[in-house]
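Counting in this note's numbering, the sequence shown runs from 250 upward without gaps. Quick reminder that beta carbons are idealized off the backbone N, C-alpha and C, glycines included.
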Amino acid sequence: MDFHRITAPNQMDYNRDSKEGKAAQATEERLDSGLDSLKEEEYQAVAAELVRLRLECEPRPQQASAPGELPGWWSQTTEEGDTLLHLAIIHEAKDYIMTMINLSRNTDFLNTQNDLRQTPLHLAVITNQPDVCLSLLTSGCDITLVDNRGDTALHIACRHGNLHCFSVITQNCHPEQLHTAMASCNYNGQNCLHLASVHGFLSLVENLLDLGAHINAKEQHNGRGALHLAVDQQNLSLVKLLLHKGADPNLLTSGGYTPYHLTYGLDNSDLRNELHQLTRPDLRELPDSESEDSEAEEEQQSEEEEEVGYDDIQWNGH
Numbered sequence: 250m251d252f253h254r255i256t257a258p259n260q261m262d263y264n265r266d267s268k269e270g271k272a273a274q275a276t277e278e279r280l281d282s283g284l285d286s287l288k289e290e291e292y293q294a295v296a297a298e299l300v301r302l303r304l305e306c307e308p309r310p311q312q313a314s315a316p317g318e319l320p321g322w323w324s325q326t327t328e329e330g331d332t333l334l335h336l337a338i339i340h341e342a343k344d345y346i347m348t349m350i351n352l353s354r355n356t357d358f359l360n361t362q363n364d365l366r367q368t369p370l371h372l373a374v375i376t377n378q379p380d381v382c383l384s385l386l387t388s389g390c391d392i393t394l395v396d397n398r399g400d401t402a403l404h405i406a407c408r409h410g411n412l413h414c415f416s417v418i419t420q421n422c423h424p425e426q427l428h429t430a431m432a433s434c435n436y437n438g439q440n441c442l443h444l445a446s447v448h449g450f451l452s453l454v455e456n457l458l459d460l461g462a463h464i465n466a467k468e469q470h471n472g473r474g475a476l477h478l479a480v481d482q483q484n485l486s487l488v489k490l491l492l493h494k495g496a497d498p499n500l501l502t503s504g505g506y507t508p509y510h511l512t513y514g515l516d517n518s519d520l521r522n523e524l525h526q527l528t529r530p531d532l533r534e535l536p537d538s539e540s541e542d543s544e545a546e547e548e549q550q551s552e553e554e555e556e557v558g559y560d561d562i563q564w565n566g567h
């Protein structure tokens with residue numbers, strides 16, 4: 250690289266009074282690099298040093314690994330268990346991301362989990378990088394792996410309403426893996442449809458159902474379906490969408506409650522009207538609670554004991 254000194258004319262207009270002219274001159278002197286005061290050999294020495302620094306900063310070509318030998322950067326991790334690919338995705342360093350993915354196609358490295366059990370695909374969804382999701386999927390990553398909350402990358406997309414990453418994942422993975430990811434429940438007992446319903450993402454709910462998600466699947470903790478969750482959120486649009494798609498209005502939770510039961514105590518009459526006619530008449534009244542049943546049994550038992558009326562004198566025979 251050849252360096253040449255070029256004297257650039259001053260482009261600024263200092264056509265002001267004498268006081269302003271002095272200030273401008275002082276500013277110009279303060280910003281002077283001092284290169285014009287160097288001798289020619291000194292200037293060339295500075296230029297050569299700049300060239301050397303530039304060359305040292307340029308990345309060197311990576312040496313190919315021997316057959317059967319793993320690249321050294323595959324095993325490098327942080328204290329949190331993040332690989333270089335994890336870090337590149339977190340910092341959105343696109344060039345490094347794509348290079349590492351291309352060098353790791355169809356290998357377990359793409360599915361490496363950090364201490365939070367997050368794969369690169371989890372982090373790509375969290376950081377909203379659909380292009381990275383696509384590259385990982387076409388390179389053979391596994392979408393069924395779960396993090397320390399039991400969430401797949403698809404669960405995370407449904408929780409945060411990330412339609413772009415959701416679309417990339419569902420359109421570029423194996424159908425078997427897709428159905429496994431949609432049906433699996435995280436450690437809170439919720440699947441992808443439950444998460445999308447809780448947060449009211451109608452587009453995601455509709456897409457999940459079109460992809461084959463089970464509309465009446467129940468949460469594992471309390472047995473609520475997506476329709477129950479929509480009523481809980483008082484989301485009339487979602488309730489109508491689920492009913493149109495075939496949700497069962499008579500589905501019972503673990504406690505025996507229909508979606509209509511959850512409208513009791515709500516001021517939303519539209520919800521009640523929407524569900525009233527679709528709910529079986531025998532399932533419209535609230536079921537008796539366990540406490541009421543136990544109180545009734547105790548009262549009946551005490552009444553029976555009073556009716557016996559034991560007589561100590563007759564019992565002892567004198």
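Backbone secondary structure at T326 - three-state DSSP: Reduced to three states, the DSSP call for T326 is strand.
Distance, N363 Cα to H409 Cα: In a straight line, the C-alpha of H409 is about 21 Å away from that of N363.
Inter-residue CB distance, R354 and G389 (contact presumed, cutoff 8 Å): About 6 Å separates the two Cβ atoms, so the contact holds.
Closest Cα partner of T528 within the set N360, Y513, C414, T507: Of N360, Y513, C414, T507, the residue nearest in Cα terms is T507.
Completely contained alpha helix (DSSP H) runs for the stretch 332-382, where each covers 4 or more residues: Listed in chain order, the complete alpha helix (DSSP H) runs (minimum 4 residues) inside the stretch 332-382 are 333-339, 343-352, 369-375.
Meets three-Cβ-pair contact criterion under 8 Å: the stretch 408-423 and the stretch 461-469: No, the stretch 408-423 is not in contact with the stretch 461-469.
Whole runs of the alpha helix (DSSP H) within the stretch 430-464, excluding any shorter than 4 residues: Whole alpha helix (DSSP H) segments, 4+ residues: 441-447, 451-459.
Counted within 10 angstroms of its Cβ, other Cβ atoms place T361 as buried (16 or more) or exposed: Counting other Cβ atoms within 10 Å of its Cβ, T361 reaches 16 or more and is therefore classed as buried.
Length of the line joining the Cα atoms of L500 and N465: Between the alpha carbons of L500 and N465 lies a distance of about 8 Å.
Pick from D519, T429, H510 that is closest to P530, judged by C-alpha positions: When each option's Cα is compared against that of P530, the closest is H510.
Status (buried if at least 16 other CB within 10 Å, exposed otherwise) for N351: Exposed, since its Cβ has fewer than 16 Cβ neighbours within 10 Å.
Contacting residues, own chain, Cβ-Cβ under 6 Å from V447 (five flanking each side not counted): Counting only Cβ-Cβ distances below 6 Å, and skipping sequence neighbours, we find L478.
Extent of the continuous alpha helix (DSSP H) run through A475: For A475, the uninterrupted alpha helix (DSSP H) run begins and ends at 475-481, by DSSP.
Cα-Cα separation between E329 and A337, rounded to whole angstroms: Each residue's alpha carbon lies about 14 Å from the other.
Contact set for A430: own chain, Cβ-Cβ below 6 Å, skip 5 residues either direction: In its chain, beyond the 5 residues on either side, I392, T393, T401, L403 have a beta carbon closer than 6 Å to the beta carbon of A430.
Residues near S384 by beta carbon distance below 7 Å, same chain, minus five either side: Within the same chain, S384 has close Cβ partners M347, I350.
For D531, the three-state DSSP class (helix, strand or coil): In the three-state reduction of the DSSP assignment, D531 falls in the helix class.
Straight-line Cα distance separating H335 from N440: Near 25 Å, if we compare the C-alpha coordinates of H335 and N440.
Between the CA atoms of L365 and L359 - distance to the nearest angstrom: Rounded to the nearest angstrom, the two C-alpha atoms are 16 Å apart.
Contact belief for G505 with P536 at Cβ below 8 Å, rounded distance in angstroms: P536 and G505 do touch by the CB rule: their CB atoms are close to 5 Å apart, below 8 Å.
For T368 and I339, believed in contact at Cβ under 8 Å, the rounded distance: Incorrect: roughly 13 Å between the Cβ atoms, too far for contact.
Beta-carbon proximity check, L453 vs C407, cutoff 8 Å: Yes, Cβ-Cβ distance for L453 and C407 is below 8 Å.
Alpha-carbon to alpha-carbon, L457 and L532: Distance from the CA of L532 to the CA of L457, rounded to the nearest whole angstrom, comes to 29 Å.
Proximity test, Cβ basis, 8 Å: Q482 and chain C: Protein chain content of the structure displayed is limited to a single chain, and chain C is not contained in it.
Range of the contiguous alpha helix (DSSP H) that encloses T419: In the DSSP annotation of this structure, the continuous segment of the alpha helix (DSSP H) that includes T419 starts and ends at 412-420.
Beta-carbon separation (whole angstroms), V374 vs N411, contact threshold 8 Å: Their Cβ separation, rounded to whole angstroms, is 6 Å, which keeps V374 and N411 in contact under 8 Å.
Residue from N471, L476, Y436 whose Cα sits closest to the Cα of A445: Residue L476 is the option with its Cα nearest to A445.
Residue environment, G474, which counts as buried when at least 16 other CB atoms sit within 10 Å: Label assigned to G474: buried.
Proximal residues to Q235 (C-beta, below 6 Å), its chain only, five neighbours per side dropped: No information on residue 235 is available, as it lies outside the stretch 250 to 567 that the chain covers here.
Inter-residue CB distance, M436 and G399 (contact presumed, cutoff 8 Å): For the record, residue 436 in the displayed sequence is Tyr; it is not Met. Rounded to the nearest angstrom, the Cβ distance from Y436 to G399 is 4 Å, consistent with a contact under 8 Å.
Status (buried if at least 16 other CB within 10 Å, exposed otherwise) for T387: Exposed, since its Cβ has fewer than 16 Cβ neighbours within 10 Å.
Sequence-distant residues of its chain with Cβ nearer than 7 Å to L490 (five each side left out): When the five nearest sequence neighbours on each side are left out, the beta carbons in the same chain lying within less than 7 Å of the beta carbon of L490 are those of L451, V454, E455, in order along the chain.
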